[in-house]
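Worksheet for the structure shown next.
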Amino acid sequence: MKILIIGFGSIGKRHCEVLSKFAEVQSVDLVTKQNIEDKTCYKNLEVVDNLNQYDYFVIASATNKHFKQLKFLEENVKNKLIFCEKPLFESKKDLEIKNNKVFVGYVLRFHPLLQQLRIFLETEKIISVNAKCGQHLPTWRPNSDYKECYSAKNDQGGGVLLDLSHEIDYVQWLCGQMSEIKSYQVKISDLEINSDDLTMLIGKTNKDILVNISMDYISKITHRKLFVETLEHTYELDFISNKLVKKNKLGLEEVYSFSNLERNYMFEKMHLDIFNQQKNICTIKEGVEVMETIYKVQEQNR
3 MKILIIGFGS IGKRHCEVLS KFAEVQSVDL VTKQNIEDKT CYKNLEVVDN
53 LNQYDYFVIA SATNKHFKQL KFLEENVKNK LIFCEKPLFE SKKDLEIKNN
103 KVFVGYVLRF HPLLQQLRIF LETEKIISVN AKCGQHLPTW RPNSDYKECY
153 SAKNDQGGGV LLDLSHEIDY VQWLCGQMSE IKSYQVKISD LEINSDDLTM
203 LIGKTNKDIL VNISMDYISK ITHRKLFVET LEHTYELDFI SNKLVKKNKL
253 GLEEVYSFSN LERNYMFEKM HLDIFNQQKN ICTIKEGVEV METIYKVQEQ
303 NR
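Residues are numbered in this note's numbering as their position in the sequence shown, beginning at 1, plus a constant of 2.
Okay, here's the thing in structure tokens:
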């Protein structure tokens, strides 16, 4: 298998690190303006020698470049696997995919405890979910100036709504498409950025499940938690401590943990799922459904 990674920032480097270790991968080439030792590098997609030599494309560029790059691949290659980092786009876009199989990088689907929770919920009636994620933006990338990263820049697809759209994806994966939404998307803190640093939305899915999602760049206590209420149980999944608590009406509690979750575990599982069963990976259809929810929030807050 030959792979082309488009974009070689921190996330592109991570995909390269993961994919280079797979036995089935012969080579990993790059589209980047950087000169990377021991790698074939192209300045842009248009100058790549014979695009069809590649079996798998990884779009790991800034969000505002995804549409153009995905469109170019769709028009120039056929019957290929294409992975696009999340979110698909930064704003409303229309792109029909007919020639290739496209997947979206919502890697939290491959957290072992979220997968365990999904199995539990298959036999239960979900009443409501509450997802909350927050981290002070300057602590995200300790070795760089937060003011210069794409997260800080609205025109590059930054801001919590797009950056932390994992929450929207996994809530819809568990509970169905958001059908009713009320939201706030604001820049409210003293961070020196022009993107939204707090987004809150409440609503209901097409399965009549009530949803509350909060995402921020503000919290000095880093957290990523999901609470699910069913008729029989309350579930609390802590993505930071890698712990899932299941409690019933009698107060009996079961705790599941995954303490030694390796840094690239979920990325490995995600790419392998694309290569093999394509069972849990976010499809282009589901990625578009996440974008539809994002568009609704953006429209409400213009």
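We put the CB at the ideal spot given by N, CA and C, even for glycine.
For Phe260, I'd like the list of residues in its chain whose CB is within less than 7 Å of its CB, leaving aside the five on either flank, ordered along the chain. Taking the first residue of the sequence shown as position 1, residue 260 is located at position 258. Here the set comprises Pro114, Leu115 and Asn244.
Neighbour-count burial assignment, Lys82, 16 or more Cβ in a 10 Å radius: Position 80 of the sequence shown, counted from the start, is the residue given in the question as residue 82. Burial call: buried.
In this structure, does DSSP put Glu87 in helix, strand or coil? Counted from its first residue, the sequence shown places residue 87 at position 85. Three-state DSSP puts Glu87 in coil, outside helix and strand.
Identity of the residue in His168, Val33, Asn37 and Arg143 nearest Gly14 by Cα: As a position in the sequence shown, residue 14 is number 12, starting the count at 1. Among His168, Val33, Asn37 and Arg143, the Cα nearest to that of Gly14 is on Val33.
In terms of residues, what are the limits of the beta strand (DSSP E) holding His235? Stepping through the sequence shown from its first residue, residue 235 is reached at position 233. Looking at the DSSP string, the run of the beta strand (DSSP E) that includes His235 is His235 to Asp240.
Could you tell me if Leu176 is buried or exposed, where buried requires 16 or more neighbouring beta carbons within 10 angstroms of its beta carbon? If you number the sequence shown from 1, residue 176 lands on position 174. Its Cβ being crowded by 16 or more others within 10 Å, Leu176 is buried.
Pro89, buried or exposed, once every other Cβ within 10 Å from all chains shown has been counted against 16: Against the sequence shown, residue 89 aligns to sequence position 87. Looking at its Cβ environment, which holds 16 or more other Cβ atoms inside 10 Å, Pro89 is buried.
Among Phe112, Lys73, Phe122 and Leu110, which one has its Cα closest to the Cα of Lys100? Taking the sequence shown and counting its residues from 1, one reaches residue 100 at position 98. For Lys100, the closest of Phe112, Lys73, Phe122 and Leu110 by C-alpha to C-alpha distance is Lys73.
Tell me the rounded alpha-carbon separation between His1 and Gly161. Nothing about residue 1 can be read from this structure; the chain reaches only from 3 to 304.
Where does Glu264 fall in DSSP's three states? In the sequence shown, counting from the first residue as 1, residue 264 sits at position 262. If DSSP states are grouped into helix, strand and coil, Glu264 belongs with coil.
CA-to-CA distance, Ile296 to Asp165, given in whole angstroms: On the sequence shown, position 163 is the one that residue 165 refers to. On the sequence shown, position 294 is the one that residue 296 refers to. Asp165 and Ile296 have their C-alpha atoms roughly 11 Å apart.
Quick one: Cα of Tyr237 to Cα of Asn214, how far? In the sequence shown, residue 237 corresponds to position 235, counting from 1. In the sequence shown, residue 214 corresponds to position 212, counting from 1. Going by the C-alpha atoms only, they are around 15 Å apart.
Give me whichever residues DSSP pairs with Gln187 in a beta bridge. For this step, residue 187 is matched to residue 185 along the sequence shown. Answer is Thr201, bridged to Gln187.
Bounding residues of the alpha helix (DSSP H) (the contiguous stretch that carries Ser12): By 1-based counting over the sequence shown, the position of residue 12 is 10. Annotation for Ser12: the continuous alpha helix (DSSP H) segment containing it runs Ser12 to Leu21.
Extent of the continuous alpha helix (DSSP H) to which Lys287 belongs: Taking the first residue of the sequence shown as 1, we reach residue 287 at position 285. Element bounds for Lys287: Ile286 to Gln302.
Kindly indicate the opening and closing residues of the alpha helix (DSSP H) around Tyr225. Here the question's residue 225 lines up with position 223 in the sequence shown. The question names Tyr, yet the displayed sequence has His at residue 225. Going by DSSP, His225 is part of no alpha helix (DSSP H) but of the beta strand (DSSP E) stretching over His225 to Thr232.
Could you check what DSSP says for Cys43 in three-state terms: helix, strand or coil? In the sequence shown, residue 43 corresponds to position 41, counting from 1. Residue state, collapsed to three classes: strand.
Closest to Glu87 by CA distance: which of Val173, Gly289 and Lys209 is it? What you label residue 87 is simply residue 85 of the sequence shown in a count that begins at 1. Per the Cα distances, Gly289.
Cβ-Cβ separation, Leu163 to Met217 (assumed contact under 8 Å), whole Å: Indexing the sequence shown from 1 puts residue 217 at position 215. Indexing the sequence shown from 1 puts residue 163 at position 161. Separation of the CB atoms of Met217 and Leu163 is rounded to 7 Å, and the pair is thereby assigned contact status at 8 Å.
Taking just the CA atoms, how far does Ala64 sit from Ile195? As a position in the sequence shown, residue 195 is number 193, starting the count at 1. As a position in the sequence shown, residue 64 is number 62, starting the count at 1. Approximately 17 Å, taken between the alpha carbons.
According to DSSP, is Leu193 helix, strand or coil? Mapped onto the sequence shown, residue 193 falls at position 191. Look at Leu193 here: in three-state DSSP terms it is coil, with no helix or strand label.
Please go through the same chain and pick out, in chain order, the residues whose beta-carbon is closer than 6 Å to the beta-carbon of Ser185, but skip the five residues on each side of it. As a first step, residue 185 is located in the sequence shown; it is residue number 183 there, counting from the start. Cβ within range, chain order: Leu203, Val299 and Gln302.
Quick one, which of Asp96, Val60, Phe105 and Ala25 has its alpha-carbon nearest Ile283's? Start at 1 with the first residue of the sequence shown, and residue 283 comes out as number 281. Ranking the options by Cα distance to Ile283, first place goes to Phe105.
List the whole-angstrom C-beta distance separating Asn46 from Asp157, where the pair is believed to meet the contact cut-off of C-beta under 8 Å. Translated into the one-based positions of the sequence shown, residue 46 becomes position 44. Translated into the one-based positions of the sequence shown, residue 157 becomes position 155. Your pair Asn46 and Asp157 does not check out as a contact, with CB atoms roughly 20 Å apart and the cut at 8 Å.
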